[in-house]
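Novice: Residues in the sequence shown are numbered consecutively from 11, following the working numbering.
We put the CB at the ideal spot given by N, CA and C, even for glycine.
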Amino acid sequence: MTRSGKPRDEAAHLRRDFGWLAVLGVILVLAGLVGLVYTGVATLTSMLLFGWLLLIGGIVGLLHAIQARGTPYFWLGVIVAALNIAAGIVVVRLPHAAAAALTMFAALLFLTAGFFRLVGSLVVRGPQFGWTLLLGAFDLLLGILVLGSWPSSSQYVIGCFLSLALLFDGLGLLATGYGGRRVVGLVSEQRQA
Numbered sequence: 011m012t013r014s015g016k017p018r019d020e021a022a023h024l025r026r027d028f029g030w031l032a033v034l035g036v037i038l039v040l041a042g043l044v045g046l047v048y049t050g051v052a053t054l055t056s057m058l059l060f061g062w063l064l065l066i067g068g069i070v071g072l073l074h075a076i077q078a079r080g081t082p083y084f085w086l087g088v089i090v091a092a093l094n095i096a097a098g099i100v101v102v103r104l105p106h107a108a109a110a111a112l113t114m115f116a117a118l119l120f121l122t123a124g125f126f127r128l129v130g131s132l133v134v135r136g137p138q139f140g141w142t143l144l145l146g147a148f149d150l151l152l153g154i155l156v157l158g159s160w161p162s163s164s165q166y167v168i169g170c171f172l173s174l175a176l177l178f179d180g181l182g183l184l185a186t187g188y189g190g191r192r193v194v195g196l197v198s199e200q201r202q203a
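(1) Residue 74 to residue 83, Cα distance in whole Å?
(2) Would the beta-carbon of residue 101 fall within 7 Å of that of residue 61?
(3) Just the Cα atoms here: how many angstroms apart are residue 103 and residue 144?
(4) Around the C-beta of residue 169, are 16 or more other C-beta atoms found within 10 angstroms, so that it is buried, or is it exposed?
(5) Alpha carbon to alpha carbon, what distance is there between residue 134 and residue 33?
(6) Do you know offhand how far residue 13's Cα is from residue 189's?
(7) Looking only at its own chain, which residues have a Cβ that is under 7 Å from the Cβ of residue 94, when we skip the five neighbours before and after it?
(8) Ignore the nearest five residues each way along the sequence and tell me which others in residue 166's own chain have a CB closer than 7 Å to its CB.
(9) Look up residue 48 in the DSSP assignment and say whether it is helix, strand or coil.
(10) Here's the rule: buried if 16 or more other CB atoms are within 10 angstroms of the residue's CB, otherwise exposed. What is residue 126?
(11) Is DSSP giving residue 104 helix, strand or coil here?
(12) From residue 140 to residue 86, what does the alpha carbon distance come to, in whole angstroms?
(13) Can you have a look at residue 47 and say buried or exposed, based on whether 16 or more other CB atoms are within 10 angstroms of its CB?
(14) Exposed or buried, which one is residue 11 when buried takes at least 16 other CB atoms within 10 Å?
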């Protein structure tokens, strides 16, 4: 292979890889949009997926603990695996109850974070005072809204959050893939000139 052919091959390889990154971004954006339309299905799906991951992780952890019988951490591994298996069974059997519990937890996290951000911004009055105050107020309001309509909010909150995460992650990957392809193209043109 010639010396001049190698950079072109690498550039083509990089452009293809960035293209796949953009394709993954499009898939995540579409999944996020579908999830925002069907938030109830997204919530149920995420709870079932979470439950199965706990269950499979618990089984793998139990097998690992059995293989490490002679170590001093054997019983700790067995207990953690048993808790994961039990939690996985509960979440798979009762996904709506798990979503309600997780929604309550999220609302309490928003309330706590909002309160501490509000108080912290008022006490410290740092360079980002306005943004911290606004973020604290937003967190507090979101926590109040979710908690105020709980448990009915548990049917859509988790699915909405998951779908928004998919949407924004997909947009980030799409921008990275498109931008990367563009940069590689500009660098390739510079080398050829």
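Specialist: Once the coordinates are examined:
(1) Near 11 Å, if we compare the C-alpha coordinates of residue 83 and residue 74.
(2) Yes.
(3) 40 Å
(4) buried
(5) 44 Å
(6) At residue 13 the pLDDT is 48, less than 50, meaning the model places this residue with poor confidence; the figure from the coordinates comes in the next sentence. Distance between the alpha carbons of residue 13 and residue 189: 27 Å.
(7) 64, 67, 68, 71
(8) Excluding positions up to five away in sequence, the list reads 49, 50, 53.
(9) coil
(10) exposed
(11) coil
(12) Roughly 47 Å separates the two Cα atoms.
(13) An exposed status is given to residue 47, since fewer than 16 other beta-carbon atoms sit within 10 Å of its beta-carbon.
(14) For residue 11, the predicted structure reports a pLDDT of 43, less than 50, and the residue's modelled location is therefore unreliable. The matter cannot be settled from this model.
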